[in-house]
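Numbered according to our numbering, the sequence shown spans residues 7 to 461.
The next block holds one structure in the form of structure tokens; read it before the comments.
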Amino acid sequence: MSDDTIRLVTIGRILRRRWRLLAVLTVVGALVGYGTSVLIPPRYTASASVLLPGQWDERGLLTQVDIATSSAVVDRAAATLDWTGVSGGELRDRVSAKAADGNIIKISGTADTPERAQQLSDQVAQQFVTFAARLAGDSTDPDAAAGPEALRQKVAQTNRRITELANAADPGQSVESVQARTELEQLRTALQEAMKKLDEADPATNKANMVVMGPAARPTGEAAPTRTQLIVAGALLFFLLALIGHLAAARVNRRLRTEPEIAAALGSALLGTVDVPGERPAHRPQGRDPRAWIRWLLDVDTRWDIPTPQPSGGEAGRQIRYRRVCARLRDQLPAPRRLLVVVPDGDEIARRAAGQLVAQAKNDPLLRVVGVSVSRPLVPDRDTESGALVVLSAGNWTAEELADIAEACADAGHEVVGIVVAGTIRARPTRTAGRPADEATVALAVRGHATGGSV
7 MSDDTIRLVT
17 IGRILRRRWR
27 LLAVLTVVGA
37 LVGYGTSVLI
47 PPRYTASASV
57 LLPGQWDERG
67 LLTQVDIATS
77 SAVVDRAAAT
87 LDWTGVSGGE
97 LRDRVSAKAA
107 DGNIIKISGT
117 ADTPERAQQL
127 SDQVAQQFVT
137 FAARLAGDST
147 DPDAAAGPEA
157 LRQKVAQTNR
167 RITELANAAD
177 PGQSVESVQA
187 RTELEQLRTA
197 LQEAMKKLDE
207 ADPATNKANM
217 VVMGPAARPT
227 GEAAPTRTQL
237 IVAGALLFFL
247 LALIGHLAAA
257 RVNRRLRTEP
267 EIAAALGSAL
277 LGTVDVPGER
287 PAHRPQGRDP
297 RAWIRWLLDV
307 DTRWDIPTPQ
317 PSGGEAGRQI
327 RYRRVCARLR
337 DQLPAPRRLL
347 VVVPDGDEIA
357 RRAAGQLVAQ
367 AKNDPLLRVV
377 GVSVSRPLVP
387 DRDTESGALV
397 VLSAGNWTAE
407 ELADIAEACA
417 DAGHEVVGIV
427 VAGTIRARPT
437 RTAGRPADEA
447 TVALAVRGHA
457 TGGSV
């Protein structure tokens, strides 16, 4: 198919002419989505928030996120929960954490029930706070490990000792006074170091004081993907695949659609285009053939890749087209004017058009209609005919198939003198007592084909 495949009018044509097939495939996709939701058990997710006091940079927050989901934390939570058949490794796949605004670590737990999801997130948050406090309390410095209160006591003792020495020191230049002042300076240095350690210990202590901001809220709905989401996704997926499949099939379709392409494939000139009234949609099949019912239900017998028939200009306009084709044949053929009208088997539009040509020609020229198999074309040998006229509809045959028909005509001694392309139009409904002329000519062509391939 040409660039027409990407136009909205083509998609609309697919929706109008294959809506049954698309509807069935959409329902099938919804059923597949429902089946998938049955196989996948429902999941519920709860979240607990942990506040980190103090100043934290982005790198520090990411480190705490990794600690919250580490095996050291999750394994402790699994041991505390003690769920049957659930190990720490399985829980690690159900626990996630992320850093939120305001130095908050949001810990989420997923389980098969809302209660378990709430318990999992709360327990992981508690174990994370405990583990983080333990990490902040570990140190190799015994003075730092004593804690901030012990450091403050040491500072107070040092201050008292400094005061005592200052009062007892001799203001003179004796050896005792010099030693006292030296010891006093050493104590002041020790005091400064203690104060420095106290200042360094306070931020760490603040960072270790993490707070769980209340229990996790019990989830009220399933975590994505829910059953409804899977059903909608399956229906939408199958609908889009069906639509894309139609467009792809039309793109790779090699059937000729334009008159110049058809004329080039047959190696002859186009004498004109004629119209036949479009047939009504197929009625409900009779009988019990299941394949016929399925084809009717899915609309697979309806061609969607051909343009919508244009409104009819009336019977007079159609007859003018047929008369012009017959006039061109009279001007082109020598007397006696006899032609073999070649129609591909299965091309009902072309067969109806050939019947109209026979009725319009009125034995001048004398036309004999024959059906030719496209897979193995065989044309009757030349008798009194002056050549062959090929009548066919567009969009049904490839260039190779038409070339085979032209070669079969040449093998039988017939020169292809022209081509007539038939199309369909939307005929205006008329109520007459007799049978319409189109149906009479079709019946005439069909009888001729059944009795010997001639009209």
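All C-beta atoms, glycine included, are put in the ideal place defined by N, C-alpha and C.
Since the structure is predicted, the reported quantities are computational estimates derived from the model, not experimental observations.
Among the options, nearest to residue i - alpha-carbon criterion
i, options, result
"V349", "A414, K202, D337 and D370", "A414"
"A255", "I355, I20 and Q61", "I20"
"I427", "A105, L141 and E267", "According to the sequence displayed, residue 427 carries Val and not Ile. Ranking A105, L141 and E267 by Cα distance to V427 puts E267 first."
"E64", "F244, D107 and R167", "D107"
"I431", "S399, A405 and P371", "S399"
"I237", "T42, L14, L28 and L27", "T42"
"A74", "T86, A105 and L87", "A105"
"V135", "A186, G94, V364 and A54", "A54"
"Q124", "L68, Y50, L246 and L141", "Y50"
"A229", "L190, T404, P47 and L28", "P47"
"L363", "S379, Q325 and A394", "Q325"
"Y40", "L87, Y328 and T232", "T232"
"T119", "G361, W403, Y328 and A52", "A52"
"I168", "E96, K160, R82 and R194", "R194"
"A18", "E407, H252, L68 and R301", "First, the amino acid is wrong: residue 18 is Gly here, not Ala. Selected option, being the one with the closest Cα: H252."
"S274", "D351, A322, A416 and R82", "A416"
"A103", "V79, P296, K160 and Q159", "V79"
"T234", "V15, A36 and L14", "A36"
"A341", "D351, A365, T390 and V380", "T390"
"D410", "R82, I355, R297 and A270", "A270"
"V380", "A360, E407 and A365", "E407"
"V397", "A360, G320 and R263", "A360"
"V34", "A405, P296 and L242", "L242"
Same chain, Cβ closer than 8 angstroms to residue i, five either side skipped, listed in chain order
i, result
"P386", "L346, V376, A418 and G459"
"N165", "L197"
"V38", "G240 and F244"
"L303", "R26 and V30"
"A367", "C332, L335 and L373"
"P225", "Y50, T51, A52, P120, A123 and Q124"
"R343", "L335, R336, D370, P371, L372 and S392"
"L249", "I17, I20 and L28"
Own chain partners of residue i with C-beta closer than 6 angstroms, once the 5 adjacent residues on each side are dropped
i, result
"P221", "D128"
"A277", "It should be pointed out that residue 277 corresponds to Leu in this sequence rather than to Ala. Excluding positions up to five away in sequence, the list reads V331, R334, G424 and V426."
"L141", "none"
"A84", "G94 and L97"
"K112", "S53, S55, K104 and A106"
Three-way DSSP call (helix, strand, coil) for residue i in this model
i, result
"P283", "strand"
"I300", "helix"
"A439", "Annotation note: pLDDT 43 at A439 (below 50); position unreliable, no value reported."
"S145", "Confidence in S145 is poor, its pLDDT being 46 and thus under 50, which makes the residue's placement unreliable; the coordinate value appears in the next sentence. S145: coil per DSSP, three-state reduction."
"L21", "helix"
"G278", "strand"
"I326", "helix"
"L253", "helix"
"V101", "strand"
"A117", "strand"
"G39", "helix"
"A230", "coil"
"T90", "coil"
"G429", "strand"
"G320", "coil"
"L14", "helix"
"G424", "strand"
"A186", "helix"
"A222", "coil"
"R261", "strand"
"A29", "helix"
"A106", "strand"
"I168", "helix"
"I111", "strand"
Heavy atom of the ligand SAM within 6 angstroms of residue i beta-carbon
i, result
"E421", "Among the ligands in the structure shown, none appear at all, so the ligand SAM cannot be discussed."
Enclosing beta strand (DSSP E) for residue i [first to last residue]
i, result
"T86", "Segment S77 to L87 is the alpha helix (DSSP H) holding T86; no beta strand (DSSP E) there."
"A54", "Y50 to L57"
Close-in-space but distant-in-sequence residues of the same chain around residue i (CB under 7 angstroms, 5 per side omitted)
i, result
"Q132", "V218"
"R22", "none"
"A117", "Y50, R100, A123 and L126"
"G440", "Low confidence applies here, because G440 scores a pLDDT of 45, under 50, leaving its location unreliable and the question unanswered by this model."
"N402", "R261 and D353"
Start and end residues, alpha helix (DSSP H) containing residue i
i, result
"L272", "E265 to L272"
"A74", "E64 to A74"
- Query: If you scan the region 333-415 from start to end, which runs of the beta strand (DSSP E) of 3 or more residues do you find wholly inside it?
  - Reply: 344-350, 372-378 and 394-399
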